[in-house]
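Colleague: Counting from 1, one number per residue, gives the positions in the sequence shown under the UniProt record's numbering.
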Amino acid sequence: MNKHHEPTGSADEQQITLRSPAELADALPYLLGFHPTDSVVMVALHGGRGRFGGRLRLGIPRSPGEWPPVAEQLAECLVEGSERRGTRPDGIVVFLCQDPAEGESGQRVMERLRPFAQRLRTACGALDVPVYEALCISDGRYWSYCCPDVRCCPPEGTGLALPGTSVMAAAAAYAGIRVRGSLREMEARLEPRPAPAAEGQARALDDAGAALVPRILGAGSRERVGAETLRLARVLMRRLGDAPRGGVLDSGAGETDAADDGLIGDDEAAAVILGLQDRVTRDRAAEWMEGAEAEPALRLWRALARRCVGPYAEHGAAPLSLAGWVAWSLGDEPAARVALGLALRLDPRYVFARLLHQACNQGMDPEELRRCLRRERAARAAPDPRRAARRPRARPVRPPAVRKALPPAAASRPEAPADRGGGDRRSGRRGTRSGR
Numbered sequence: 001m002n003k004h005h006e007p008t009g010s011a012d013e014q015q016i017t018l019r020s021p022a023e024l025a026d027a028l029p030y031l032l033g034f035h036p037t038d039s040v041v042m043v044a045l046h047g048g049r050g051r052f053g054g055r056l057r058l059g060i061p062r063s064p065g066e067w068p069p070v071a072e073q074l075a076e077c078l079v080e081g082s083e084r085r086g087t088r089p090d091g092i093v094v095f096l097c098q099d100p101a102e103g104e105s106g107q108r109v110m111e112r113l114r115p116f117a118q119r120l121r122t123a124c125g126a127l128d129v130p131v132y133e134a135l136c137i138s139d140g141r142y143w144s145y146c147c148p149d150v151r152c153c154p155p156e157g158t159g160l161a162l163p164g165t166s167v168m169a170a171a172a173a174y175a176g177i178r179v180r181g182s183l184r185e186m187e188a189r190l191e192p193r194p195a196p197a198a199e200g201q202a203r204a205l206d207d208a209g210a211a212l213v214p215r216i217l218g219a220g221s222r223e224r225v226g227a228e229t230l231r232l233a234r235v236l237m238r239r240l241g242d243a244p245r246g247g248v249l250d251s252g253a254g255e256t257d258a259a260d261d262g263l264i265g266d267d268e269a270a271a272v273i274l275g276l277q278d279r280v281t282r283d284r285a286a287e288w289m290e291g292a293e294a295e296p297a298l299r300l301w302r303a304l305a306r307r308c309v310g311p312y313a314e315h316g317a318a319p320l321s322l323a324g325w326v327a328w329s330l331g332d333e334p335a336a337r338v339a340l341g342l343a344l345r346l347d348p349r350y351v352f353a354r355l356l357h358q359a360c361n362q363g364m365d366p367e368e369l370r371r372c373l374r375r376e377r378a379a380r381a382a383p384d385p386r387r388a389a390r391r392p393r394a395r396p397v398r399p400p401a402v403r404k405a406l407p408p409a410a411a412s413r414p415e416a417p418a419d420r421g422g423g424d425r426r427s428g429r430r431g432t433r434s435g436r
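#1: In angstroms, rounded to a whole number, what distance separates the CA positions of PRO130 and PHE95?
#2: Could you check where the alpha helix (DSSP H) with ALA303 kicks off and where it finishes?
#3: Between ALA388 and the rest of its own chain, which residues show a CB-CB distance below 8 Å, the 5 nearest in sequence each way excluded?
#4: In three-state DSSP terms, what is GLY91?
#5: By how many angstroms is the C-alpha of LEU78 removed from the C-alpha of CYS147?
#6: Between the Cα of GLY181 and the Cα atoms of PRO29, ASN361, GLN358, which residue gives the shortest distance?
#7: From the DSSP output, which residues share a beta bridge with TRP143?
#8: Which residues bound the alpha helix (DSSP H) around SER39?
#9: From the DSSP output, in three-state form, read off VAL338 for me.
#10: Between the Cα of LEU236 and the Cα atoms of LEU212, GLY226, LEU304, which residue gives the shortest distance?
#11: Buried or exposed, going by whether 16 or more other CB atoms sit within 10 Å of the CB of GLN73?
#12: Measure from the alpha carbon of ARG374 to the alpha carbon of each residue in ARG284, ALA353, ALA297, then state which is nearest.
#13: According to DSSP, is PHE352 helix, strand or coil?
#14: Assign VAL309 to one of three DSSP states: helix, strand, or coil.
#15: Excluding the five sequence neighbours on either side, which residues of its own chain have a C-beta within less than 8 Å of the C-beta of LEU232, listed in chain order?
#16: Does the structure place the region 130 to 146 close enough to the region 105 to 118 that three or more beta carbon pairs sit under 8 Å?
#17: To the nearest angstrom, how far is the alpha carbon of ALA359 from that of ARG234?
#18: On the DSSP bridge list, what partners appear for THR158?
#19: Quick check: the Cα distance between GLY310 and LEU190, rounded to an integer number of angstroms?
#20: Note the first and the last residue of the continuous beta strand (DSSP E) segment covering ARG215.
#21: Measuring CA to CA, which of TYR145, TYR312, ALA339, GLU333 is closest to ASP365?
#22: Below 8 Å on the Cβ atoms is my contact criterion, and I expect ALA336 with ALA343 to pass it. Report the Cβ-Cβ distance as a whole number of Å.
#23: Spatial neighbours of ASN361 within its chain, please: C-beta separation below 6 Å, excluding the five flanking residues on both sides.
#24: Alpha carbon to alpha carbon, what distance is there between LEU160 and ALA75?
#25: Would CYS152 be called buried (16 or more neighbouring beta carbons within 10 Å of its own) or exposed?
#26: Buried or exposed, going by whether 16 or more other CB atoms sit within 10 Å of the CB of ASP257?
What follows is the structure, given as structure tokens:
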């Protein structure tokens, strides 16, 4: 088993060495900032000592038929993304993390995912980058797909280390790095509200859609609806900002989220959710990504994602993408990836989320997009009537282009598509989604 050296802080600080599959498995939550569940994670290794580099996480596709193309695209994304950052990987470590289904054992999960692991190894090898280790983590145990030695990697698997007892845990504690729970816990913070609260929100979305769609389709009204959406969003941000709060970037802040939900009325949430379906309005809302605006904006986008209930679930792609963008801008990459992954689960073709997700996974600096948004904002504020005449409407702002897009079906676990039926009260709601 190769040794892998991972910095615990800056380049000048002491590095730690991971000597075994057990230590690799224990290090995974510290690399991502959370415990991945139902995920494939790939980590690039550089140099003769196996320094950790770029990493990506995607939901494991449900259908084995998706595994070959997903494996090829994942390998290409990681290798080419590392090359764009300056260094081609010398090797890759693969993790497949999935809890057993009811009546299933961890060993059965390992065997079921073995063909996917082999596809990933083959895809990386086709790019001349070897997979040094491939681990399956399930039910508190791990298995190696690469090590044939039953003395260190027995068929029944090996138990994971007790939390907080490994060299990585000690280094993380010293550096102030913490693991914020599981992926499921982070996703739960952004998922739609359960009944009966969802019923009132669905009625409010019905009513708001019936009122807004004719206005949006009317001449000149789309811009007015966008302006009203942004004004209301600012009101809600001020309301949230004035209220006491816990840590905004704490993935376990359930009490804070419940308090935020209580500060936003169903009608207010419905109006902003539907208004954000307009691409230009959404892009202007993305400008609240730094300074005093960022934290209340993040809380608002999370709260609105929880209000996209029932047949309006697809509308959550806009607030989830905004939540992911603001989290990334604030330096919280794990939360950003989770929010953007959920947006892509709702709508795999949502361009704003796809580009942000790819840029975040490739380790790009969000400052480039921040500069672009600042310029757009300054241009609108400049008192130049000639420029205003030339630019009746701001162009949509998109993240920096990336060469390889993550496979849409694998950005997170595929879900059954949202109900798109044209029921009596909901027949007009699709008209509010005017752009991606």
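Backbone N, C-alpha and C fix where the C-beta goes; we use that ideal spot for every residue, glycine too.
Modeller: So, from the data block:
#1: 14 Å
#2: 294 to 306
#3: With a pLDDT of 49 at ALA388, under the threshold of 50, the predicted position of this residue should be treated as unreliable, and no value is reported.
#4: If DSSP states are grouped into helix, strand and coil, GLY91 belongs with the strands.
#5: Each residue's alpha carbon lies about 23 Å from the other.
#6: PRO29
#7: CYS136
#8: SER39 -> not in any alpha helix (DSSP H); beta strand (DSSP E) instead, spanning 39 to 46.
#9: helix
#10: LEU304
#11: buried
#12: Its Cα nearest to that of ARG374, the residue ARG284 stands out among ARG284, ALA353, ALA297.
#13: Helix, per DSSP.
#14: coil
#15: GLU268, ALA271, VAL272, GLY275
#16: yes
#17: 28 Å
#18: TYR142
#19: Those two C-alpha atoms are separated by around 14 Å.
#20: ARG215 -> not in any beta strand (DSSP E); alpha helix (DSSP H) instead, spanning 197 to 217.
#21: When the alpha-carbon of ASP365 is set against those of TYR145, TYR312, ALA339, GLU333, the nearest one is in GLU333.
#22: That pair is no contact at about 11 Å.
#23: The answer, listed in chain order, is LEU56.
#24: 27 Å
#25: exposed
#26: buried
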